[in-house]
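Asks:
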Amino acid sequence: MRRRHNRGMAAESWVDGAGLLTLPGGVVVRGRRIADTASPADFALLLAPGPVPAWPHRRIRWPDFWLPLDRADALDALREARRRAYAGERVEIACRGGIGRTGTALAALAVLDGLPADRAVAWVRARHHSRAVETPWQRRWLRRIDASRDGPAAR
């Protein structure tokens, strides 16, 4: 059975609740370490090398403690993940440690959901991990996403 919209009910659609985060708009996504065993998702956004899940996924080249190598592609992937979550799919974001890159991507989803970038970092640290968004350049990238939310891809 295909879920049509996961607003307010997505947490029940996951087999386990580990790593689940409700975005400001009400949809639920999962953030995790890429190597951890996980219940199935409908779509994964992978931010590091690692195991390939059995479900549809997209991999972004994103060095640890840095920014995506192709920021326009990363922003497109984040928008796709957000679209899929709002369409009712179980979406997950994963990197090697599940903290910095994953936290930055989750904060970016919050920005795309309407939360100002300056609040998105504190928001994701309070809900995902206290060390999420680890570097100044990751915070700067979130501000660029916020500034260009309705314009061209953030560079």
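For the record, in the sequence shown the residue sitting at position 4 is 4 according to the UniProt record's numbering, with numbers rising by one throughout.
Heads up, the beta-carbon is just placed ideally off N, CA and C, and yes, glycines get one too.
Remember, it's a predicted structure, so these values are computed and weren't measured experimentally.
1) With 16 as the cutoff for other CB atoms within 10 Å, does alanine 114 come out buried or exposed?
2) Locate the beta strand (DSSP E) running through alanine 94, then write down its first and last residues.
3) Using only alpha-carbon positions, find the residue among Arg83, Arg90, Asp73 that is nearest to proline 40.
4) Just to check my reading of the structure: arginine 33 and glycine 100 have Cβ atoms closer than 8 Å, yes? What is that Cβ distance to the nearest angstrom?
5) To the nearest whole angstrom, what separates the beta carbons of aspartate 146 and alanine 117, a pair I think is in contact under 8 Å?
6) Under the assumption that alanine 59 contacts leucine 46 (Cβ atoms under 8 Å), give the Cβ distance between them as a whole number of angstroms.
7) Would arginine 30 pass as a contact of glutamate 80 if the rule is Cβ separation under 9 Å?
8) Suppose you measure from the CA of arginine 71 to the CA of phenylalanine 43; what does that come to, to the nearest Å?
9) Look up alanine 44 in the DSSP assignment and say whether it is helix, strand or coil.
10) Threshold first: 3 residues or longer. Then list the beta strand (DSSP E) segments lying entirely within the stretch 12 to 89, N to C.
11) Could you tell me the distance, in whole angstroms, from the CA atom of serine 13 to the CA atom of arginine 143?
12) Whole angstroms are fine: how far does the CA of leucine 21 sit from the CA of alanine 85?
13) Going straight from the alpha carbon of threonine 37 to that of arginine 149, what length do you get?
14) Considering just the uninterrupted stretch of the alpha helix (DSSP H) at arginine 144, what are its terminal residues?
15) Which of the three DSSP states, helix, strand or coil, is assigned to valine 124?
16) Straight-line CA distance for tryptophan 66 to histidine 129?
Replies: From the atom records:
1) Position 114 of the sequence shown, counted from the first residue, corresponds to residue 114. Before going on, a small fix: residue 114 reads as glycine here, not alanine. Classification for glycine 114: exposed.
2) Locating residue 94 in the sequence shown gives position 94, counting from the first residue. For alanine 94, the enclosing beta strand (DSSP E) starts and ends at 91 to 95.
3) Counted from its first residue, the sequence shown places residue 40 at position 40. Nearest option by C-alpha distance: Arg90.
4) Residue mapping note: residue 33 aligns to position 33 of the sequence shown, counting from 1. Residue mapping note: residue 100 aligns to position 100 of the sequence shown, counting from 1. Contact between arginine 33 and glycine 100 is absent: CB atoms are separated by about 11 Å, not below the 8 Å threshold.
5) Position 146 of the sequence shown, counted from the first residue, corresponds to residue 146. Position 117 of the sequence shown, counted from the first residue, corresponds to residue 117. 4 Å between Cβ atoms; contact.
6) Here residue 59 refers to the residue found at position 59 when the sequence shown is read from its first residue. Here residue 46 refers to the residue found at position 46 when the sequence shown is read from its first residue. Reading off the sequence, residue 59 comes out as arginine, not alanine. About 4 Å; that satisfies the 8 Å criterion.
7) Taking the first residue of the sequence shown as 1, we reach residue 30 at position 30. Taking the first residue of the sequence shown as 1, we reach residue 80 at position 80. 9 Å or more divides the Cβ of arginine 30 from the Cβ of glutamate 80.
8) Taking the first residue of the sequence shown as 1, we reach residue 71 at position 71. Taking the first residue of the sequence shown as 1, we reach residue 43 at position 43. Their Cα atoms are separated by approximately 20 Å.
9) Reading the sequence shown from its first residue, position 44 is the one you call residue 44. Per DSSP, reduced to three states, the secondary structure at alanine 44 is strand.
10) Whole beta strand (DSSP E) segments, 3+ residues: 20 to 22, 28 to 33, 43 to 46, 57 to 59.
11) Reading the sequence shown from its first residue, position 13 is the one you call residue 13. Reading the sequence shown from its first residue, position 143 is the one you call residue 143. Their backbone Cα atoms lie some 32 Å apart in a straight line.
12) Here residue 85 is taken as the residue at index 85 of the sequence shown, counted from 1. Here residue 21 is taken as the residue at index 21 of the sequence shown, counted from 1. The straight-line gap from Cα to Cα measures roughly 12 Å.
13) By 1-based counting over the sequence shown, the position of residue 37 is 37. By 1-based counting over the sequence shown, the position of residue 149 is 149. Taking C-alpha positions only, threonine 37 is separated from arginine 149 by approximately 34 Å.
14) Taking the sequence shown and counting its residues from 1, one reaches residue 144 at position 144. Arginine 144: member of the alpha helix (DSSP H) spanning 136 to 147, first to last residue.
15) By 1-based counting over the sequence shown, the position of residue 124 is 124. Here valine 124 sits in helix by DSSP.
16) Within the sequence shown, residue 66 is the residue found at index 66, counting from 1. Within the sequence shown, residue 129 is the residue found at index 129, counting from 1. Approximately 18 Å between the Cα atoms of the pair.
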